[in-house]
Structure formats: C-alpha cells, structure tokens
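Quick note on this note's numbering: the sequence shown kicks off at 45 and runs consecutively. Written out below as structure tokens is the structure these notes cover.
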Amino acid sequence: MVVISEQRISGVVADFDDPRGLGHINADGIVYPFHCVSIADGSRSIAVGDHVSFVALAKLGRHEAGDIRSQ
45 MVVISEQRIS GVVADFDDPR GLGHINADGI VYPFHCVSIA DGSRSIAVGD
95 HVSFVALAKL GRHEAGDIRS Q
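This is the structure in structure tokens:
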C-alpha cells in the first residue's frame, strides 16, 4: 500500500456492507472503496451518510480510502 498524498480528502460514506466490512466513500464524484480495518477509531463499523476524511492509497492497481476518520 502506498499513500498517494498526505493531504486528507473529505467525503461521505455512500454504502457499507457491515457483514463483509466493505464500503465506498464518495468524494467530489470520485468513489473510493475501503475495508473496515481502515476505519481509524478501530470500531470496524460506520454509518452510511457519515461525513469522513481519509487519505488516498494505491493498492492492487487502484485507489482506496485509508485512515478513515469521522468529521
């Protein structure tokens, strides 16, 4: 995993599948997938519609959200 930019990006949780731990964040029309282990507070759960900030990561040839924090 490579951090693309140290600058935090703001977005909204578009969907989250709690049993699978997978979700997507929409940030200015760009959709970033994420896994629950990337939620910074360790809760592994987040609500759809929550406003968050995150860093963009390059993982497996695509962008992903990491270090996700509620705003």
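No residue lacks a Cβ here, since even glycine has one placed at the ideal position from N, Cα and C. From a predicted model like this one, the values you see are computed outputs, not experimental measurements.
Consult DSSP for V57 and reduce its assignment to one of helix, strand or coil. Assignment of V57 by DSSP, reduced to helix, strand and coil, places it in the strand class.
What is the rounded straight-line gap between the Cα of A13 and the Cα of S82? Since the first residue shown for the chain is 45 and the last is 115, residue 13 is missing from the structure and cannot be characterised.
Determine whether the beta carbon atoms of A109 and F60 lie at a separation below 9 Å. Result no, Cβ atoms of A109 and F60 do not sit closer than 9 Å.
Roughly how many whole angstroms lie between the Cα atoms of S54 and N70? As the crow flies, the alpha-carbon of S54 is around 9 Å from that of N70.
Buried or exposed by the 16-neighbour rule on C-beta atoms within 10 Å, applied to I48: With fewer than 16 other Cβ atoms inside 10 Å of its own Cβ, I48 counts as exposed.
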